[in-house]
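Colleague: Numbering of the sequence shown is given in the working numbering, commencing with residue 106 and proceeding in unit increments. Let me give you the structure first, and then I'll get to my questions.
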Amino acid sequence: MPINAKIGLPAMASQYAVAWGRIGLAFPELEIWLIDIENRIIEKSTWAEWGQPTTA
Numbered sequence: 106m107p108i109n110a111k112i113g114l115p116a117m118a119s120q121y122a123v124a125w126g127r128i129g130l131a132f133p134e135l136e137i138w139l140i141d142i143e144n145r146i147i148e149k150s151t152w153a154e155w156g157q158p159t160t161a
């Protein structure tokens, strides 16, 4: 994803909180890579870092 997606990811995770958490629980290795092509930087984070996992 482009680095500017970093701005909207918390809102998206909040909007889809239950589904976001379930995906994080089902696929703990799932990562989101934010890519800044101008500065040649890749920021890696886990899916769960962007939302609160659920137990359901």
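Even for Gly, the Cβ is constructed at its ideal location relative to N, Cα and C.
1) Quick one: measure Cβ to Cβ for W152 and M106, integer angstroms, because I've assumed they're closer than 8 Å.
2) From the DSSP output, in three-state form, read off Q120 for me.
3) What whole-angstrom Cβ distance do I140 and I112 have, given they're in contact under 8 Å?
4) Going by beta carbon distance, what residues of the same chain come within less than 6 Å of L114, once the five residues before and after it are set aside?
5) Distance, Cα to Cα, R127 vs M117?
Modeller: Checking against the coordinates, here is how it stands:
1) 12 Å between Cβ atoms; not a contact.
2) helix
3) Wrong, their Cβ atoms sit about 14 Å apart, outside the cutoff.
4) W155
5) 14 Å
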